[in-house]
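These notes are about the structure you will find just below.
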Ligand SMILES: Nc1ncnc2c1ncn2[C@@H]1O[C@H](COP(=O)(O)OP(=O)(O)O)[C@@H](O)[C@H]1O
Ligand SMILES: [Mg+2]
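What follows is the structure, given as structure tokens:
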């Protein structure tokens with residue numbers, strides 16, 4: 001089981017879009033995937049078109065990391081239909097907001113990892129969609145993860161934001177989770193015909209070197225169209241969708257290779 005946390009300082013940069021893109025890639029690759037929605041807004045829960053009702057959200061799982069609480073907060077996505085492996089979602093909810101504090105105990109901070117270790121045989125990949133801050137919830141996500149994906153846009157604040165996110169990864173590694181490493185920085189919503197975007201991509205690459213993933217995600221309406229139809233981007237057939245789907249396949253393959261290297 002590989003656990004990836006998807007995080008950033010800001011909202012709207014594409015954490016949920018990257019999470020959904022990686023779920024789509026994992027589904028196409030035949031991986032059994034669990035998404036943990038740590039955002040009180042619950043966008044990835046909604047985007048994955050889950051079926052049924054739950055009596056709890058991921059907040060209960062963090063509060064008391066028991067297997068039965070995980071089960072109570074988990075729904076199956078319609079993306080699991082047909083020949084595809086299961087995609088399950090530990091749903092996000094309003095009650096998470098109260099947990100986004102800076103004074104959480106280390107027991108609380110590591111609770112997600114505690115419960116994931118109890119079900120590690122059930123999934124090949126876990127994706128944790130974090131809320132848009134580096135507060136308690138993101139630290140809980142990072143403390144559960146093997147690798148962190150930092151999402152940023154090619155804008156003027158991207159460097160400071162990526163820097164702070166990398167520092168948070170470093171802090172969580174030293175304080176809570178020695179196996180955590182950054183997978184890299186995903187630059188999202190790139191429009192290569194805009195000079196400012198090209199400049200920011202070059203700037204990020206010169207500062208962060210190989211940590212900037214070569215798979216930069218362009219701004220494509222297919223991303224929004226797939227989300228609006230609640231389907232994996234791999235299910236759309238137009239060139240923009242194929243291009244983005246292939247990039248997510250590349251990021252997933254990179255994560256799987258990195259996890260294998262770590263183990264050997
Ligand atoms: N590469 C992209 N191309 C086009 N639209 C995008 C892209 N990435 C994200 N979006 C759109 O931007 C909005 C914010 O993205 P989202 O993934 O919800 O960000 P976050 O989870 O970081 O708040 C959504 O409406 C999403 O559809
Ligand atoms: Mg989101």
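Residue numbers (full-length UniProt numbering): 1 to 264. Virtual Cβ for every residue (Gly too), placed ideally from N, Cα, C. Quick caveat: nothing in here was measured; it's all calculated off a predicted structure.
Secondary structure at residue 18: helix, using DSSP grouped into helix, strand and coil. Judged by their CB atoms, residue 127 and residue 35 are nearer to each other than the 8 Å cut-off.
Taking 7 Å as the cut-off, the C-beta of residue 39 counts as close to a heavy atom of ligand 2. Note on the segment 46-116: whole beta strand (DSSP E) runs with a minimum of 3 residues are 74-76 and 87-90, in chain order. Per the coordinates, the alpha-carbon of residue 158 lies some 34 Å from the alpha-carbon of residue 120. Residue environment analysis places residue 111 among the buried positions, since at least 16 neighbouring C-beta atoms fall within 10 angstroms of its C-beta. In the DSSP assignment, residue 33 is bridged to 87 and 125. Taken in chain order, the complete beta strand (DSSP E) segments of 3 residues or longer contained in the segment 115-202 are 125-129, 147-152 and 181-187. Straight-line measurement puts the Cα of residue 9 at about 29 Å from the Cα of residue 69. Close CB contacts of residue 223 within its chain, under the 7 Å cut and outside five residues either way in sequence, are with 17, 233 and 244 (chain order). A distance below 7 Å between beta-carbons, with the five flanking residues on each side excluded, links residue 238 to the following residues of its chain, in chain order: 222.
Residue 263 sits away from residue 123, with the two beta carbons spaced by 8 Å or more.
Classified as exposed, residue 246 has fewer than 16 neighbouring CB atoms from the shown chains inside 10 Å of its CB.
Short note on residue 16: C-beta closer than 7 Å to some heavy atom of ligand 2. Inclusion of residue 71 and residue 86 in the CB contact set at 8 Å is not warranted, their separation being larger than that value. Residues of the same chain with their beta carbon placed closer than 7 Å to that of residue 175 are lacking, with the five preceding and five following residues left out of the count. Going by beta carbons, residue 183 and residue 4 fall inside the 8 Å limit. The C-alpha of residue 147 is placed about 12 Å away from the C-alpha of residue 1. The beta carbon of residue 43 sits closer than 7 Å to at least one heavy atom of ligand 2.
Of the candidates 106, 155, 258 and 118, 106 places its Cα closest to the Cα of residue 142. Shown here, residue 218 sits in a strand according to DSSP, grouped into three states. In the DSSP assignment, residue 251 falls within the alpha helix (DSSP H) that extends over 239-263. Taking all protein chains in view, the Cβ of residue 129 is crowded by 16 or more other Cβ atoms within 10 Å, so the residue is classified as buried. In the three-state scheme derived from DSSP, where H, G and I count as helix and E and B as strand, residue 231 is classed as coil.
For residue 6, the enclosing beta strand (DSSP E) has its first and last residue at 2-7. With a cutoff of 7 Å, residue 242 does not count as near ligand 1, since its C-beta is closer than that to no heavy atom of the ligand.
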